[in-house]
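Below is one structure, written out as structure tokens; comments come after it.
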Amino acid sequence: MEDCLRLRGRRAPDNYGYSYHGDYNQHVLCGSAVSSGQEPIKHTTRPITTSSTVIGLKFNGGTIVMSDTGVCYGNMLRFKSCERFCQVGDRTVVAASGEYSDFQYLTRDLKEMDTRDWVQEDGCSREPSSIAAYLGRTFYGQRSRLDPYWNQMIMAGWQKTSNEPYLGYIDLYGTTFPEDYIASGFGSYLAIPLLRKEYRPDMTEDEAKALLQKCFMALFYRDCTGLSTVQYAVATSAGIRLSDVSTLTHKWDYKLWLTPTSQLPVSASSW
Amino acid sequence: MARRYDQRTTTFSPEGRLHQVEYAIEAISHAGSVIGIQAKDGVVLAGEKKETTKLVDPGKRGEKVYKIDDHVIVAVAGLTSDANALVNRARINAQHYFSRYGENEPVEQLVVSLCDYKQQYTQFGGLRPFGVSFMFAGWDRHFGFQLYQSDPAGNYTGWKATAIGNNYSSAVPMLKQDWKEDMALDEAVHLAAKVLLKTTESSSLTSDKCEFAVLTVKDGKVSHRMLTNDEILAESKKLEQEQQQTTTTTTTS
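First to last, the protein sequences are chains P and D. Quick note: the first sequence uses UniProt numbering, first residue 1, plus one each step. Quick note: the second sequence uses UniProt numbering, first residue 1, plus one each step.
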């Protein structure tokens, strides 16, 4: 079992449903096919502990990316104060939705990439676009083994070569691209229309933050896996700044909701 | 005495020397010379071609200067077959980095990875070292224009100007005297031609005897090219004129 852990760097073989003593190469090539009399290879087919939306957008002088602090266990909102950000190097931060354990592993993998760079001792520093390419290749390689890291990552950073903010999206298929504003999870349905209407590339940081809070308010009301406690990270030429957790104010005291129907005029309804 | 300790690469002699590595380095000092000069706006590599009989059909490929990637070129001195094996390795290394990180590999990292590979042949396996020295010319966003030289032992050094191969010991003092901090690329090319003329011990430089390559940055993009036959002839003519001037001045005084 220890050998297998070292080999894959992740979970024990029991979860995979194959015997380590079989032919490893066979396993990699056949994916989920049966190979030479062994058990069929069963990888994780669905994420278990998941986090929902992340939204990122570029403003004038930086990039801001915001997420809530919840991790769900199926339909149950089980963990309410999880940090979903990981800083890599001095000017890149990545936020994750999807399987939280894969995010935790990738945090380690990114830190190892950072260490390999540091060990070079050559004064070179890595751009966010380069880290995004690396992550994208990692995701693509894993998906090609039909065993994906089940995440959508939003990466914010500061590009030194072009002296401008960077915002990128990397997902479980290995799709990688930069954008001006992007959302994952439910946000891609609820928040993107709002962003399309109100996004301007010359927004200030405060305006950008307010727009994101507006998006997360909508998500808290409508996404049952959404929380009102949010956290955000800002990437500028000065580096990365991770905020404290804050709670969005939400409104539930609509008169029509609170008043019992019996006390309302006959014609009124609660809608 | 050395005979007893020079058969295996992985054995030290009692004097603390690795004879096979030294013999490899010795092989290179008989190869066609290579001059490398770093200017403020580019790097030039100049190499002497050894095979100069007219029966040789050169085709498209040169024998001295090779492209590793868009931002790195290399000139070789030594066994061409060994050079080809290592150049292929360097090319794959550069593409692997580009595929993984979406940007060009820093030049020094490429040199280091090739040198680490060469070093293995001096310590493990009992195989002979590679009989080739390299002169790398490259540009990256971290350190701009760079010139590196590496030898069969796996050592590498960064240079402002240097020479390897035949007569390099007479080339280096010339470079030391004439290299200037703010040299422009065309001055560097001229100096490389002058030094190459000295190391090849020939009366003139013709395009069938040498290869020149320059690496520059234009509009933020790195590019490199071989100098054309006409350009080499032009440099050759300039050198002839300079030589004539010096001879006339000596005779008049």
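For every residue, glycine included, the Cβ atom is placed at its ideal position computed from N, Cα and C.
Residue from the options whose Cα sits closest to the Cα of residue i
i: Pro58 (chain D); options: D:Leu191, D:Ser207 and D:Gln241; result: D:Ser207
i: Met217 (chain P); options: P:Glu207, P:Thr45, P:Leu190 and P:Lys197; result: P:Leu190
i: Ile37 (chain D); options: D:Lys160, D:Glu211, D:Ala234 and D:Gln123; result: D:Lys160
i: Phe220 (chain P); options: P:Pro47, P:Thr53, P:Thr49 and P:His43; result: P:Thr53
i: Ser184 (chain P); options: P:Pro260, P:Thr229, P:Lys209 and P:Tyr169; result: P:Tyr169
i: Arg222 (chain P); options: P:Val266, P:Thr45, P:Asn151 and P:Ser188; result: P:Ser188
i: Ile35 (chain D); options: D:Lys237, D:Leu239, D:Ala27 and D:Ala188; result: D:Ala188
i: Tyr232 (chain P); options: P:Tyr140, P:Pro47, P:Gly56 and P:Asn163; result: P:Gly56
i: Thr162 (chain D); options: D:Met183, D:Val195 and D:Asp182; result: D:Val195
i: Val87 (chain D); options: D:Ala171, D:Tyr66 and D:Val222; result: D:Tyr66
i: Leu197 (chain D); options: D:Glu26, D:Gln244 and D:Cys210; result: D:Cys210
i: Ala24 (chain D); options: D:Val111, D:Asp178, D:Leu79 and D:Gly144; result: D:Leu79
i: Met66 (chain P); options: P:Lys80, P:Thr44 and P:Ala95; result: P:Ala95
i: His224 (chain D); options: D:Ser236, D:Phe124 and D:Phe145; result: D:Phe145
i: Thr45 (chain P); options: P:Thr138, P:Tyr149, P:Thr249 and P:Asp244; result: P:Tyr149
i: residue 294 (chain P); options: P:Glu99, P:Cys82 and P:Leu227; result: No information on residue 294 (chain P) is available, as it lies outside the stretch 1 to 271 that chain P covers here.
i: Asp140 (chain D); options: D:Gln241, D:Val222 and D:Glu240; result: D:Val222
i: Asn84 (chain D); options: D:Thr247, D:Met135, D:Ser202 and D:Glu63; result: D:Glu63
i: Gly136 (chain P); options: P:Gly123, P:Ala208, P:Asp122 and P:Ile154; result: P:Ile154
i: Leu172 (chain P); options: P:Ile192, P:Glu198 and P:Thr138; result: P:Thr138
i: Tyr105 (chain P); options: P:Arg91, P:Asn151, P:Ser262 and P:Glu198; result: P:Asn151
Neighbouring residues, chain D, relative to residue i (Cβ below 8 Å)
i: Ser130 (chain P); result: Tyr101, Gly102 and Glu103
i: Arg137 (chain P); result: Ser99 and Arg100
i: Glu127 (chain P); result: Glu103
Neighbour list for residue i in chain P, Cβ cutoff strictly below 7 Å
i: Gln109 (chain D); result: Gln120 and Asp122
i: Arg141 (chain D); result: Thr161
i: Pro106 (chain D); result: Asp122 and Cys124
Opening and closing residue of the beta strand (DSSP E) in which residue i lies
i: Tyr73 (chain P); result: Val71 to Tyr73
i: His96 (chain D); result: It is not in any beta strand (DSSP E) - His96 (chain D) instead sits in the alpha helix (DSSP H) that spans Thr80 to Tyr101.
i: Leu147 (chain D); result: Gly144 to Ser150
i: Gly187 (chain P); result: No beta strand (DSSP E) holds Gly187 (chain P); the alpha helix (DSSP H) holding it covers Gly187 to Glu198.
i: Met153 (chain P); result: Asn151 to Gln159
C-beta contact flag for residue i and residue j at 8 Å
i: Val93 (chain P); j: Phe103 (chain P); result: no
i: Cys115 (chain D); j: Ser150 (chain D); result: yes
i: Leu194 (chain P); j: Asp180 (chain P); result: no
i: Ala90 (chain D); j: Gln119 (chain D); result: no
i: Arg143 (chain P); j: Gly89 (chain P); result: no
i: Val74 (chain D); j: Ile68 (chain D); result: yes
i: Gly157 (chain P); j: Pro178 (chain P); result: no
i: Gly138 (chain D); j: Leu215 (chain D); result: yes
i: Val120 (chain P); j: Gln109 (chain D); result: Just to set this straight, residue 120 (chain P) is Gln in the shown sequence, not Val. Closer than 8 Å, so yes.
i: Gly70 (chain P); j: Ser101 (chain P); result: no
i: Ala184 (chain D); j: Leu45 (chain D); result: no
i: Thr247 (chain P); j: Thr229 (chain P); result: yes
i: Pro106 (chain D); j: His142 (chain D); result: yes
i: Tyr140 (chain P); j: Gly174 (chain P); result: yes
i: Ile232 (chain D); j: Leu205 (chain D); result: yes
i: Val111 (chain D); j: Tyr168 (chain D); result: no
i: His43 (chain P); j: Asp147 (chain P); result: yes
i: Thr200 (chain D); j: Ala171 (chain D); result: no
i: Lys40 (chain D); j: Asp178 (chain D); result: no
i: Thr9 (chain D); j: Gly126 (chain D); result: yes
Within chain B, the residues that residue i reaches when beta carbons sit closer than 7 Å
i: Tyr134 (chain P); result: In the structure shown, chain B cannot be found, because the protein chains are P and D.
Span of the alpha helix (DSSP H), counted from its first residue to its last, around residue i
i: Met113 (chain P); result: Tyr100 to Gln120
i: Pro173 (chain D); result: Tyr168 to Asp178
i: residue 280 (chain P); result: No answer is possible for residue 280 (chain P): it lies beyond the span of chain P, which begins at 1 and ends at 271.
i: Arg137 (chain P); result: Pro128 to Ser144
i: Cys115 (chain D); result: Val107 to Gln123
Quick check: the stretch 198-207 of chain P against the stretch 125-132 of chain P, are there 3 or more CB pairs under 8 Å? no
At least three beta-carbon pairs within less than 8 Å, the stretch 121-134 of chain D to the stretch 21-40 of chain D: yes
At least 3 beta-carbon pairs within less than 8 Å: the stretch 112-128 of chain P vs the stretch 71-86 of chain P: no
Between the stretch 57-74 of chain P and the stretch 231-240 of chain P, are three or more C-beta pairs nearer than 8 Å? yes
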